[in-house]
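Numbering (my numbering), first residue to last: 51 to 512.
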């Protein structure tokens with residue numbers, strides 16, 4: 051597999067093309083990328099040719115400060131402080147929608163994004179109903195406000211101890227963000243919300259909302275989050291109706307929650323801003339463990355546990371093994387060969403079942419070992435259970451192509467948008483999960499779970 055990189059000039063050092071092929075030098079029977087630049091060195095166009103004839107071309111526009119304002123068919127807006135203010139939502143329905151961004155105004159964190167919501171486009175008057183009940187304290191009942199796409203539409207005093215419907219007609223877009231803000235902080239004065247309905251379609255707090263404790267501006271400040279449900283303090287419930295998404299960030303700029311049609315996601319971080327856990331509707335989806343150097347050494351996702359003793363080796367443990375570890379806690383040390391000669395070994399902890407020294411054979415058998423091979427610091431091959439694939443990267447280090455070691459033919463091919471979301475997939479599942487810029491999927495918030503954060507924003511948590 052030949053992979054030439056061409057520079058525009060020795061002085062400018064700007065990359066003009068990448069060609070990948072199995073034929074003579076410069077062959078493009080696998081992939082060809084071509085770049086052009088403006089006078090400031092910004093990428094102006096990107097052209098692709100792949101799979102024996104497929105092509106695509108992309109253009110980029112910049113403002114006076116060399117910030118991208120247009121990429122592909124998208125247009126970006128910026129505030130006077132230089133913060134991103136709007137970005138279009140990919141949409142196939144023909145309607146015009148956009149992500150809108152709100153930022154801290156406290157001066158101490160002027161570039162700390164607070165939330166991202168969807169609410170632009172054509173509106174239709176629809177009936178919004180909140181089903182709630184309250185309890186009185188000192189003769190005062192709790193109050194409830196309904197906000198639609200950042201605009202307050204109605205305020206109610208909830209003065210009944212049985213669940214009652216509170217309705218209002220409000221203009222909604224195809225993807226709307228609806229907030230129910232609560233005031234109930236006086237002693238036993240509480241307000242409970244059982245559901246939100248839009249034209250009869252019900253959304254429940256436990257499966258469709260994220261809850262943030264706080265009053266006024268502290269509601270949805272990205273701090274003190276929990277899965278939707280009963281809120282016994284000042285705070286708010288945030289719902290998303292339709293195919294939109296709403297995201298919030300903590301004071302360090304980390305994605306702290308996301309609400310979309312799949313549910314309410316909450317992301318927690320340690321004191322070093324490393325992602326510790328991902329929950330969906332209150333249920334743990336993934337958790338992560340790091341060593342004292344900040345490197346991720348373990349990930350638990352569903353019934354699968356991943357161990358990362360060092361960059362060259364990963365061990366995947368599924369089924370009985372993962373369950374045994376959760377039930378036991380006493381580790382078993384398995385020696386794993388790093389090279390085919392078994393000259394170097396790594397010690398990986400696997401489950402120790404029960405209180406005896408015996409090891410569950412099924413648990414050990416469930417482990418799969420993955421070995422990566424490097425050349426000059428670049429990840430070039432992956433050996434997994436029963437296969438060896440060569441890895442081919444672009445100028446950013448992203449894995450764009452994998453080939454079979456047996457005959458050099460294409461196994462899988464990928465293309466990425468500017469912020470890391472996948473825009474083209476050709477061939478079966480990509481063997482490696484080191485993809486955009488060489489980052490491991492799930493460490494840059496780009497699915498499995500942490501990445502389902504939506505292409506509106508990407509960030510790395512190592």
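All C-beta atoms, glycine included, are put in the ideal place defined by N, C-alpha and C.
To the nearest whole angstrom, what separates the beta carbons of residue i and residue j, a pair I think is in contact under 8 angstroms?
i, j, result
"residue 464", "residue 485", "7 angstroms"
"residue 43", "residue 275", "In the structure as shown, the chain starts at 51 and stops at 512, and residue 43 therefore has no counterpart that could be examined."
"residue 232", "residue 189", "Between residue 189 and residue 232 the Cβ distance is about 19 angstroms, and since that is not below 8 angstroms, they are no contact."
"residue 97", "residue 110", "Going by Cβ atoms, the distance from residue 97 to residue 110 rounds to 12 angstroms, so no, they are not a contact pair."
Helix or strand or just coil, what does DSSP make of residue i?
i, result
"residue 68", "strand"
"residue 487", "helix"
"residue 256", "helix"
"residue 208", "coil"
"residue 283", "coil"
"residue 220", "strand"
"residue 359", "strand"
"residue 107", "strand"
"residue 95", "strand"
"residue 439", "strand"
"residue 175", "strand"
"residue 191", "coil"
"residue 351", "strand"
"residue 273", "coil"
"residue 186", "coil"
"residue 481", "coil"
"residue 63", "coil"
"residue 300", "coil"
"residue 213", "coil"
"residue 135", "strand"
"residue 467", "coil"
"residue 249", "coil"
"residue 126", "coil"
"residue 328", "strand"
"residue 397", "Because the pLDDT at residue 397 is just 41, under 50, the model does not fix this residue reliably, and the value given afterwards should be weighed accordingly. It is a strand residue."
"residue 456", "coil"
"residue 431", "strand"
Do residue i and residue j have their C-beta atoms closer together than 9 angstroms?
i, j, result
"residue 220", "residue 196", "yes"
"residue 289", "residue 312", "no"
"residue 250", "residue 177", "yes"
"residue 191", "residue 209", "yes"
"residue 173", "residue 216", "no"
"residue 94", "residue 82", "no"
"residue 324", "residue 343", "no"
"residue 244", "residue 182", "yes"
"residue 211", "residue 241", "no"
"residue 364", "residue 419", "yes"
"residue 482", "residue 445", "no"
"residue 443", "residue 450", "yes"
"residue 305", "residue 298", "yes"
"residue 329", "residue 339", "no"
"residue 359", "residue 424", "no"
"residue 307", "residue 260", "yes"
Output needed for residue i: all residues of its chain with C-beta closer than 6 angstroms, excluding positions within five of it in sequence on either side, in chain order.
i, result
"residue 117", "none"
"residue 462", "452, 477, 478 and 480"
"residue 377", "Here the model assigns residue 377 a pLDDT of 45, short of 50, so the residue's position is not dependable, and the following value carries that caveat. Answer for residue 377: no residue qualifies."
"residue 302", "323"
"residue 351", "336"
"residue 204", "196 and 218"
"residue 474", "465"
"residue 127", "135 and 136"
"residue 187", "236, 237, 238 and 239"
"residue 107", "97"
"residue 184", "191, 192, 208 and 241"
Residues in its own chain within less than 7 angstroms of residue i by CB, not counting five upstream and five downstream?
i, result
"residue 90", "116"
"residue 429", "422, 441, 484 and 488"
"residue 432", "420, 422, 439, 441, 481 and 482"
Looking only at C-alpha atoms, which of the options sits nearest to residue i?
i, options, result
"residue 207", "239, 201 and 198", "239"
"residue 322", "135, 230 and 341", "341"
"residue 426", "447, 418, 360 and 420", "447"
"residue 292", "110, 222, 133 and 205", "222"
"residue 34", "287, 305, 432 and 309", "Only positions 51 to 512 of the chain appear in the structure, and residue 34 is not among them; the question remains open."
"residue 112", "434, 361 and 92", "92"
"residue 456", "346, 213 and 436", "436"
"residue 199", "334, 252, 230 and 434", "230"
"residue 273", "114, 469, 248 and 300", "300"
"residue 454", "467, 434, 469 and 201", "434"
Taking only beta-carbon atoms, is residue i less than 9 angstroms away from chain B?
i, result
"residue 344", "Structure shown: chain B not included; a single protein chain is present."
Which same chain residues, not among the five before or five after residue i, have their C-beta less than 8 angstroms away from its C-beta?
i, result
"residue 326", "318, 319, 320, 337 and 338"
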